Amino acid sequence: MKLADFIGLYLKLPAEIIEPARKGHQLLEWEALHKFCGKCGASTINSPEEHFKLCSNNSCRQKYYPKIMPVIVVGIERGDEILMARGPSFPKGIYTTLAGFVEAGETLEEAAKREVKEETGIEIGNLEYVGSQSWQSPTQIIIGFRAQYESGNLVIDHNELEHAAFFHAESLPPTFPGENLTISQVIISSFYKRYLERKQNAQD
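Start counting at 1 in the sequence shown, then tack on 329, and there's your number in the numbering used here.
What follows is the structure, encoded as structure tokens:
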């Protein structure tokens, strides 16, 4: 299922249902993928105490907790501009912030800097934590950052991105529908509101 399909599905749910739906989706996926022990091959059983599966082989008894895969998203600001990008599978004209998986041994900040460098060729700094979100895709948790552009020219990795550019706050491209549905939208909305505040303060 494509990203746009997930977001479109969740847009149809009442706000109070979205979080339970995400949790249920993740647990169902975990149930489906952990019917057997990856260590000895025996069947697994559900723990009555908490969310983990236990190998039924008494000589093994390996535990399997729901798998969580951290993903960073980062909004990169350059004055009154913010970097936005679109992937090859995005709906026409839709943009969002950069994102990527955290690799083994990385901190969240290291992952953000690496992903931005790999996908766009630029260096960033002054990362600030924005928030986190259990994602619609099973196993993923999204961690959002705001960062400042430091150096470099945009060199886009077209294996990952179709297009990326710095957009002025007054000419932002369309993003996925549903205000503040995603951490990326929260980041973009915060950037725009702070721009308006600076503009208003300059006029006072």
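We treat Cβ as the ideally placed atom computed from N, Cα and C, and that holds for glycine.
Since we're looking at a predicted model, the values are computed, not measured.
Next on the checklist: If distances are taken between C-alpha atoms only, which option among S372, K392 and I512 comes closest to F380?
Outcome noted: Going by the sequence as given, residue 380 is His instead of Phe. Answer by Cα proximity: K392.
Next on the checklist: Within 10 Å of its beta-carbon, does K421 have 16 or more other beta-carbons around it, so buried, or fewer, so exposed?
Outcome noted: Exposed.
Checklist entry - DSSP beta-bridge partners for H497? => result Beta-bridge annotation (DSSP): H497 is paired with E410.
Next on the checklist: So for V515, helix, strand or coil by DSSP?
Outcome noted: In this structure, V515 counts as helix in the three-state DSSP scheme.
Item to check | Among Q355, P503 and N386, the one whose alpha carbon lies nearest that of G367 | outcome: Here the closest residue by C-alpha is N386.
Checklist entry - By Cβ distance below 7 Å, which residues in the same chain neighbour P349 in space, the five residues on each side in sequence not counted? => result none
Checklist entry - Since I397 and I470 are thought to touch, with beta carbons under 8 Å apart, how far apart are those beta carbons, to the nearest angstrom? => result Here I397 really is in contact with I470; their C-beta atoms are around 6 Å apart, less than 8 Å.
Next on the checklist: Going by DSSP, what residue range makes up the alpha helix (DSSP H) through R443?
Outcome noted: L437 to T449
Next on the checklist: Tell me whether the segment 402–413 and the segment 514–521 touch, counting them as touching only if at least three CB pairs, one residue from each stretch, are closer than 8 Å.
Outcome noted: yes
Checklist entry - Using CA coordinates, which residue listed in P417, G353 and P377 is at the minimum distance from H492? => result Its Cα nearest to that of H492, the residue P417 stands out among P417, G353 and P377.
Item to check | Helix, strand or coil at A428 [DSSP, three-state] | outcome: strand
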